[in-house]
Amino acid sequence: NQLTPALQIFRSCQTDAVRFTNFQSSYLFDSNKVAESLQPLIEIKHGIEKYANVVLPDQAFHFGSINIPAAAAKASLIPLLERDIQKTAPLPCSAYVIKHETGKNRGGQLNVQYCALPLTILEDLQKVCDQTHLIPVSIQPSFTGLFRLLSLHQNISEHPSVFLHIGNECTTMGVYEKSGLRAIDLLDFGVQNLVHGIAQELNCDQNAAIQTLFHEPLLLDDPGASEAQIEIAAFGVVEPLLADFLQKIYGQLLLFSSEHHEESGYSKIVISGGGALIRNLDRLITFNLGIPTSTISSELKHLSDLPGLPAQEKLEALAPALGNLILQPARRDRFDRMLAA
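Laid out in structure tokens, this is it:
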């Protein structure tokens with residue numbers, strides 16, 4: 010069934026050889042170390058398993074959009090996209106490979122969204138695939154799978170909804186509705202901001218900081234109980250970081266509303282990624298932004314019990330990978346394998 014993601018085998022590894030920031034000019038991708046880490050995970054018995062669908066963190070890409078008159082869509086869009094990339098991206102447009110999609114006609118205007126991947130990352134990725142004898146079939150940003158999963162399995166309102174994928178180094182924020190994706194942005198905030206903050210201020214190592222963040226009382230069930238909340242020492246550390254994060258979300262919501270006057274509000278926010286596993290973060294967002302917020306496992310409860318899901322992993326972390334499985338066409342002559350960073 011194309012609509013039901015199925016995992017036959019799940020293997021994972023941890024490596025410090027990959028680190029992307031949302032400034033593509035500074036990233037770490039040690040192709041030799043990555044290939045070495047992947048080697049134990051890869052078993053090519055029949056030859057058909059060598060095809061790989063590569064999913065990269067969103068911050069490896071540069072995203073943007075332009076609005077053009079519908080009549081102009083018949084001409085080549087590449088010069089317009091290159092001009093926008095030249096103005097907004099950290100690298101010159103010649104340093105990227107660019108893909109774009111055209112949205113719906115709204116009042117005679119077309120919204121064109123584009124995705125640009127630095128050629129240096131593409132070359133490093135090809136080295137890894139060559140060393141591990143894998144053939145890359147596609148290279149996609151992580152959010153495409155997450156959005157696909159939501160669009161197929163969520164009861165989407167007529168008003169815009171928002172997803173927040175809170176990753177290790179970056180948060181991907183998307184505005185979407187029944188007709189498709191309306192906007193995509195990268196916020197300079199990730200789980201590591203909180204881990205580093207706790208470790209530094211409480212003078213503890215990273216493991217202790219992770220324990221404090223995910224497994225000890227930090228955010229109360231009632232976000233309005235400020236007196237009780239400030240008694241938790243770690244909250245004093247993360248409060249300014251979370252306040253800055255909420256401010257960034259609010260700023261993007263205001264920006265979208267100002268550019269789309271026909272929209273009267275947002276119906277809900279769905280959070281995923283490792284940051285969504287911080288207990289009561291959804292309640293904190295609801296309390297501060299006034300928009301109902303839930304984790305993706307609460308929003309898509311029926312998917313949390315899918316057969317084949319690894320017991321140690323939550324839907325919050327697996328959602329992009331599961332959605333990406335749905336994106337792939339049915340092919341009887343091969344197994345698509347994902348390299349998910």
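What the sequence shown shows, in our numbering, is residues 10 to 350, in sequence order.
Ideal Cβ positions, reconstructed from N, Cα and C, are used throughout, including at glycine.
Under three-state DSSP, which class holds residue i?
{"i": "phenylalanine 244", "result": "helix"}
{"i": "glutamate 272", "result": "coil"}
{"i": "proline 49", "result": "helix"}
{"i": "leucine 161", "result": "helix"}
{"i": "glutamate 110", "result": "strand"}
{"i": "isoleucine 87", "result": "helix"}
{"i": "serine 21", "result": "coil"}
{"i": "isoleucine 300", "result": "coil"}
{"i": "glutamine 256", "result": "helix"}
{"i": "asparagine 10", "result": "For asparagine 10, the predicted model reports a pLDDT of 42, less than 50, meaning its position is unreliable and no value from the coordinates is stated."}
{"i": "proline 329", "result": "helix"}
{"i": "alanine 320", "result": "coil"}
{"i": "isoleucine 305", "result": "helix"}
{"i": "histidine 174", "result": "strand"}
{"i": "isoleucine 150", "result": "The sequence given here has proline at residue 150, not isoleucine. In the structure shown, proline 150 sits in a strand (DSSP, three-state: E or B)."}
{"i": "serine 266", "result": "helix"}
{"i": "isoleucine 287", "result": "coil"}
{"i": "isoleucine 278", "result": "strand"}
{"i": "alanine 98", "result": "coil"}
{"i": "aspartate 342", "result": "Since pLDDT at aspartate 342 reaches only 46, below the 50 mark, its modelled position is unreliable, and the value read off the structure follows with that caveat. Coil, per DSSP."}
So, for residue i: in the same chain, excluding its five sequence neighbours on each side, which residues have a beta-carbon less than 6 Å away from its beta-carbon?
{"i": "isoleucine 193", "result": "Phe72, Gly183"}
{"i": "aspartate 93", "result": "Gly73, Ile75"}
{"i": "glycine 176", "result": "Gly199, Gly282"}
{"i": "threonine 24", "result": "Ser46"}
Per DSSP, residue i forms a beta bridge with which residues?
{"i": "glutamate 186", "result": "Gly189"}
{"i": "phenylalanine 38", "result": "Val27"}
{"i": "phenylalanine 72", "result": "Cys124"}
{"i": "leucine 195", "result": "Thr181"}
{"i": "arginine 115", "result": "Gln118"}
{"i": "isoleucine 77", "result": "Leu119"}
One question on the structure: do residue i and residue j come within less than 8 Å of each other, judged by their Cβ atoms?
{"i": "valine 137", "j": "alanine 44", "result": "yes"}
{"i": "lysine 277", "j": "serine 170", "result": "yes"}
{"i": "proline 78", "j": "glutamine 48", "result": "no"}
{"i": "phenylalanine 254", "j": "phenylalanine 198", "result": "yes"}
{"i": "leucine 222", "j": "leucine 203", "result": "yes"}
{"i": "isoleucine 280", "j": "leucine 159", "result": "no"}
{"i": "proline 232", "j": "leucine 327", "result": "no"}
{"i": "isoleucine 335", "j": "arginine 115", "result": "no"}
{"i": "leucine 65", "j": "arginine 20", "result": "no"}
{"i": "serine 306", "j": "leucine 290", "result": "no"}
{"i": "proline 127", "j": "leucine 100", "result": "yes"}
{"i": "proline 207", "j": "proline 226", "result": "Per the sequence shown, the amino acid found at residue 207 is isoleucine instead of proline. Cβ atoms of isoleucine 207 and proline 226: not closer than 8 Å."}
{"i": "alanine 285", "j": "threonine 304", "result": "yes"}
When you compare the CB of residue i with every CB in chain C, is at least one pair closer than 8 Å?
{"i": "leucine 119", "result": "Absence of chain C from the displayed structure is noted, only one protein chain being present."}
With a CB to CB cut of under 7 Å and the five nearest residues on each side skipped, what residues in its chain are close to residue i?
{"i": "cysteine 124", "result": "Phe70, Phe72, Lys108, Pro150"}
{"i": "glutamine 68", "result": "Phe29, Thr30, Asn31, Glu178, Cys179, Leu195"}
{"i": "histidine 142", "result": "Ile53, Lys59"}
{"i": "threonine 111", "result": "Ala82, Leu119, Val121"}
{"i": "tyrosine 259", "result": "Leu298"}
{"i": "valine 146", "result": "Tyr60, Ala61, Asn62, Asp345"}
{"i": "aspartate 39", "result": "Ala26"}
{"i": "leucine 155", "result": "Phe172, His174, Ser281, Ala328, Pro329, Gly332"}
{"i": "lysine 113", "result": "Ser188"}
{"i": "alanine 351", "result": "The requested residue 351 is not part of the displayed model; the chain covers only 10 to 350."}
Identify, in the order they occur along the chain, each residue of the same chain with its Cβ nearer than 8 Å to the Cβ of residue i, setting aside the five sequence neighbours on each side.
{"i": "histidine 162", "result": "Leu309, His311, Leu312"}
{"i": "leucine 131", "result": "Val106, Ile148"}
Examine the Cβ distances between the stretch 240–252 and the stretch 264–274 and report whether three or more of them are shorter than 8 Å.
No, because fewer than three Cβ pairs between the stretch 240–252 and the stretch 264–274 fall closer than 8 Å, the two stretches do not touch.
Cβ pair count under 8 Å reaching 3, the stretch 206–219 against the stretch 272–288
As far as the Cβ criterion goes, the stretch 206–219 does not touch the stretch 272–288, which means the pair count is below three.
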